[in-house]
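Residue numbers (full-length UniProt numbering), protein chains in the order written: chain A, 1 to 431; chain B, 1 to 431.
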């Protein structure tokens, strides 16, 4: 699994690509022009078509089996195969696409049939989502939001013991680029006793890491923390769109409902554990006085290597910026190291009571804010509950999102002497 | 849609059957001995096999199309067809099975191939569940539970405006008869500051009405209250198993998670709106001073006929009762008239922000308790938060469920001069 950072691809656009070099090879579902949905792999500015590759017989052995399964209309069955199949496919794919590959001429002869331009392809959700769970493990976000509601006691007593999560709506998880409707709903104006009905006035984004579940567990079975990584298929970006005014009125006592279930956007490419391996890091040390995790959440290897150093960025492009040809403006730069719990801890906790996880289930991390305002992952935090409008570089102001605003999430890993690994984008424009 | 209560079936067991007379005809998915899952209809002590019926050509026109779709491995596609197809199938099925049917000899000749004994069939979930939503519309339950946490102010200010609901876990919805594992999880002992980990000591049931969604809506579209009934495929019983000790520790601020996601049981038969039509009733008058529903939740027809008079029963059979050959003991008898909101209001609310509903989605009503202890739909209520143990007739006591306890939910409609319509049972035994 060690990464060879010196290896280059004969596909020129892959080398120095900000997201998709030979060392990344994320999987997704795409349709080429005039074609049906099938599995593919992002490489530079192109997509490697697994359906064409399998019918052409480019793979052998376990990788051939894995590619055949991944070539279908969704990646659920591929996710179910687990890590060994995924790694076998990755190894052969890297060999095929590396500089000096004996297969280069054969692959090049297949041209755009095998390697269509990504710009010509339509991207889809990578899997049929059985269940979607949203966690709340960004401790700075929990602190920031808690402070708005409970200034003296922002973090509830369970926060440092329980990886807090709740069930989200699977039917409205949509792929990057899908427009987002501003939801109608009930809101209670300040000082009023009777709610209004109408479009949300406090529409917000949430910057999250998405986690795709691979192999599942049977109902009633737990997943040991040491095994949890084996149940993860990969990672993406996730925007948990939120209507703050609906949320404030409806969320007691059972949690957010209409405030969140109108849309959740994800980036289309599933970045694998193998691609992220060089950017593993120790779980950040718990502050003095914080409790140890309970034994079912504690594993030495997970503590040592279970976290990631992934940069997370939110950008905004307003309608005015688009009209004037202005680039999106960065609103925040954060990092996955602000997760209070590792993804292995999320998996172990989710299954510990016997809840069945299935290939294609999706987790959101919860909003991953940093401690300072330039790393806040939602407008609720950036504008201090809508009280301090944000001034944009072009003179516009925002408290919450306006119609025509496009929110763009990006993520990448980089390090000294390392090839940069990117997630691509998760975009959504408010209608 | 008017019910002919005088009509009898040539299938003797259907007449005076407590659940499945000719006037009911609920649909489900079953496997006959040695056969694969397929659609069927409960009639008396038998199951009408839709797969055999369609291959034999028993139906004509729209009913034939509907039966072909309903004969598959799940009812999702049938649910998507909507009410007209369902009614066409019902009409021809009633004609085929009624006394005096010209088809009787032909059907009888098919014997147990067409009409296997229900006792010989394995029953499955009727549909692949896309999303499962649990509501909280039993106002006495909300009052009872609220009082345990907030004695002076049991109902939160939003309760009489918002049909409160939250997303549940679809992957662990299971059919009646599936054993239920007692979940492990974190609990905070009284007075402690550090949680324990272990099996739940406060395992409970919740008596609910289940609602199967039929035709869906597109993401971003609402469903008008006047159209909501058209999106409902039918009804079942639902036991929302709950681990109260896990729930108390984890549920703030985002709602129940592991406390509920280990199992949810449903009865296998989908009782249709047509079968329940004679038991429609006006929405119970709101108490003096309660607000009117907001306009998107208000429809004259729904107010006049949107509620149901369905009796709901919980029974318990302990391991000791089984050993001694004792019958299950009734713990509560309640009624769907304790719903503060109608099912049409639940559908309209769920979709009002643009959340996509899909055929095969499942709603739970929330626990439907009556105002008095003999109608409380959970042990949390019956034992006043575990403080007053319940004495069973055989001398046993219960605060919460013990291993080997089997919880049985039943439901039925009856009325002067009316054929009784039943839901069958929803059973689950604690391992």
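Using N, Cα and C, we set each Cβ at its ideal position, and we do this for glycine too. Predicted model only: the values in this text are computed from it and were never measured.
If you run the structure through DSSP and keep just helix, strand and coil, what is residue 422 of chain B? Residue state for residue 422 of chain B is assigned as strand, using DSSP reduced to three classes.
Bridge partners of residue 330 of chain A, per DSSP? Under the DSSP definition of a beta bridge, residue 330 of chain A partners with A:315.
Which of the three DSSP states is assigned to residue 56 of chain A in this structure? Here residue 56 of chain A sits in helix by DSSP.
Within its chain, find whatever has a CB closer than 6 Å to the CB of residue 280 of chain A; leave out the 5 residues flanking it on each side and keep chain order. Cβ within range, chain order: 305.
DSSP bridge partner residues for residue 49 of chain B (one or two, in chain order): According to DSSP, which records beta bridges pairwise, residue 49 of chain B is partnered with B:40.
In angstroms, rounded to a whole number, what distance separates the CA positions of residue 405 of chain A and residue 317 of chain A? Residue 405 of chain A and residue 317 of chain A have their C-alpha atoms roughly 6 Å apart.
CB of residue 169 of chain B within 8 Å of CB of residue 132 of chain B, strictly: In this structure, residue 132 of chain B lies closer than 8 Å to residue 169 of chain B by Cβ.
Taking only beta-carbon atoms, is residue 426 of chain B less than 8 Å away from chain A? The beta carbon of residue 426 of chain B does not come within 8 Å of any beta carbon belonging to chain A, so the residue lies off that interface.
Under a CB-based cut-off of 8 Å, is residue 1 of chain B close to chain A? In this prediction, residue 1 of chain B has a pLDDT of 44, which is less than 50 and means its spatial position is unreliable; what the coordinates show is noted afterwards. So no, residue 1 of chain B is outside the interface.
Could you tell me whether the region 210 to 220 of chain A touches the region 155 to 168 of chain A, where touching means 3 or more Cβ pairs closer than 8 Å? Counting Cβ pairs under 8 Å, fewer than three are found: no touch.
Determine whether the beta carbon atoms of residue 436 of chain A and residue 400 of chain A lie at a separation below 8 Å. A question about residue 436 of chain A goes unanswered here, because the residues of chain A that appear run from 1 up to 431.
Beta-bridge partners of residue 138 of chain A, as assigned by DSSP: Answer by DSSP bridge pairing, in chain order: A:339.
With a threshold of 16 other CB atoms inside 10 Å of the CB of residue 336 of chain A, please say whether the residue is buried or exposed. By the Cβ neighbour-count rule, residue 336 of chain A is buried, with 16 or more other Cβ atoms within 10 Å of its own.
Output yes if chain A places a C-beta closer than 8 Å to the C-beta of residue 52 of chain B; else output no. Chain A places no beta carbon closer than 8 Å to that of residue 52 of chain B, leaving this residue out of the contacts.
Say whether chain A places a C-beta atom closer than 8 Å to the C-beta of residue 262 of chain B. For residue 262 of chain B, the closest Cβ of chain A is nearer than 8 Å.
Leaving out five residues before and five after residue 28 of chain B in sequence, what residues of the same chain have Cβ atoms less than 7 Å from its Cβ? So the list reads 40, 42, 123, 126, 268, 269 and 270, once near-sequence residues are dropped.
Which residues bound the alpha helix (DSSP H) around residue 69 of chain B? Boundaries of the alpha helix (DSSP H) around residue 69 of chain B: 61 to 70.
Can a CB atom of chain A be found closer than 8 Å to the CB of residue 176 of chain B? Not an interface residue.
Taking Cβ positions, are residue 360 of chain A and residue 20 of chain A nearer each other than 8 Å? Not a contact, by the Cβ cut-off of 8 Å.
Residue(s) in a DSSP beta bridge with residue 243 of chain A: In DSSP, residue 243 of chain A forms a bridge with A:203.
Compare the Cα-Cα distances from residue 46 of chain A to each of A:344, A:22 and A:366 and report the closest residue. From the listed residues A:344, A:22 and A:366, the smallest Cα separation to residue 46 of chain A is found for A:22.
Please report the residue range of the beta strand (DSSP E) in which residue 30 of chain A lies. Start and end: 27 to 31.
Exposed unless 16 or more other CB atoms sit within 10 angstroms - verdict on residue 342 of chain B: Buried, because 16 or more other Cβ atoms sit within 10 Å of the Cβ of residue 342 of chain B.
Comparing the C-beta of residue 124 of chain B with each C-beta of chain A, is any distance below 8 Å? Using a Cβ-Cβ cut-off of 8 Å, residue 124 of chain B does not count as an interface residue toward chain A, since no Cβ of chain A sits closer than that to its own.
Kindly say whether residue 233 of chain B, judged by its beta-carbon, lies nearer than 8 Å to any beta-carbon of chain A. Look at residue 233 of chain B: its C-beta is not under 8 Å from any C-beta on chain A.
Counting Cβ pairs closer than 8 Å, one from the region 259 to 268 of chain B and one from the region 349 to 366 of chain A, do we hit at least three? With a cut-off of 8 Å on Cβ pairs, the region 259 to 268 of chain B is in contact with the region 349 to 366 of chain A, counting three or more such pairs.
Below 9 Å on C-beta distance, what does residue 240 of chain A contact in chain B? Per Cβ cutoff of 9 Å: no residues; residue 240 of chain A is ~12 Å from chain B at best.
Any idea if residue 90 of chain A is buried or exposed, counting beta-carbon neighbours within 10 angstroms, 16 or more meaning buried? Using a 10 angstroms sphere on the CB of residue 90 of chain A, the tally of other CB atoms reaches 16 or more, which defines it as buried.
When you compare each of A:187, A:165, A:290 and A:205 to residue 193 of chain B by their alpha carbons, which one comes out closest? When only C-alpha atoms are compared, the closest one is A:290.
Nearest to residue 301 of chain A by CA position, among A:345, A:206 and A:243, is which residue? Nearest C-alpha to residue 301 of chain A among A:345, A:206 and A:243: A:345.
Pick helix, strand or coil for residue 382 of chain B, following the three-state DSSP scheme. Residue 382 of chain B: helix per DSSP, three-state reduction.
So the beta strand (DSSP E) residue 363 of chain A belongs to, where does it begin and stop? Boundaries of the beta strand (DSSP E) around residue 363 of chain A: 362 to 364.
Near residue 241 of chain B, which residues of its chain fall below 8 Å by C-beta distance, leaving aside the five closest residues on each side in sequence? Excluding the 5 residues flanking it on each side, residue 241 of chain B has same chain C-beta neighbours closer than 8 Å at 180, 203, 204, 205, 206, 260, 262, 263, 264, 265 and 428, in chain order.
Can you name the residues that DSSP bridges to residue 355 of chain A? Looking at the DSSP output, residue 355 of chain A bridges to nothing.
Chain A contact residues for residue 172 of chain B, given Cβ-Cβ distances below 7 Å: Against chain A, a Cβ distance below 7 Å from residue 172 of chain B picks out 219, 355 and 356.
Excluding sequence positions up to five away, which residues of its chain have a Cβ less than 8 Å from the Cβ of residue 390 of chain B? 331, 379, 382, 383, 397, 398 and 399.
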